[in-house]
Every structure is written in structure tokens, then in C-alpha cells.
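Take a look at the structure below.
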Amino acid sequence: MPSSVIKYFSYDADRKTLKIMFITDMFYLYKNVPVRIYKMLKASGSKGRYFNSYIKDKFKFQKLEEE
1 MPSSVIKYFS
11 YDADRKTLKI
21 MFITDMFYLY
31 KNVPVRIYKM
41 LKASGSKGRY
51 FNSYIKDKFK
61 FQKLEEE
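The structure is reproduced here in C-alpha cells:
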């Protein structure tokens with residue numbers, strides 16, 4: 001389902017990192033994210049709501065330069 005907040009996201013299981021591209025075209029890398037969080041984000045009907053409840057302010061992150 002398309003999100004009004006998140007444009008794209010991917011998960012690196014080896015590094016436990018979740019990369020999110022927001023509709024503003026800004027990329028953020030969230031660290032030490034359990035695979036279950038990624039799977040639930042993927043399955044969520046509202047990506048933005050899930051992000052705000054379970055990812056935002058819960059994991060360390062860094063802003064990435066545009067790719």
C-alpha cells in the first residue's frame with residue numbers, strides 16, 4: 001500500500017539497518033532494528049503510522065546524503 005510519508009524502505013539483515021526514503025526524498029538509516037520490526041513495517045497497512053509508533057525515536061539513526 002502506498003504511503004503518504006514513506007516513499008521507499010529496505011532492510012539489511014546482516015547489519016540490522018533499516019533505510020527509509022521519505023516523500024521529501026531524504027534518506028535515513030536506522031540502526032539495530034530487529035527483523036520483526038522491518039517485517040511488521042512491510043506488512044503494515046499504514047507505513048507512516050507504524051513508523052511513528054515503533055521506529056521514530058526508538059532507534060539511533062543517521063541522515064544519509066542523497067543517493
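Those letters in the sequence shown? Residues 1 to 67, per the UniProt record's numbering, in order. Glycine is no exception: its CB is placed at the ideal position from the N, C-alpha and C atoms. Please read these numbers as outputs of a predicted model, since none were measured by experiment.
Boundaries (first-last residue) of the alpha helix (DSSP H) holding Ile-37: 35 to 43
Inter-residue Cα distance where the pair is Val-5 and Lys-63: 16 Å
Residues of its chain near Lys-7, where Cβ-Cβ distance is below 8 Å and the 5 sequence neighbours each way are ignored: Contacts found: Met-21, Phe-22, Ile-23 and Asp-25.
Asp-12 versus Leu-18 - alpha carbon distance: Their Cα atoms are separated by approximately 7 Å.
Enclosing beta strand (DSSP E) for Phe-27 [first to last residue]: 27 to 30
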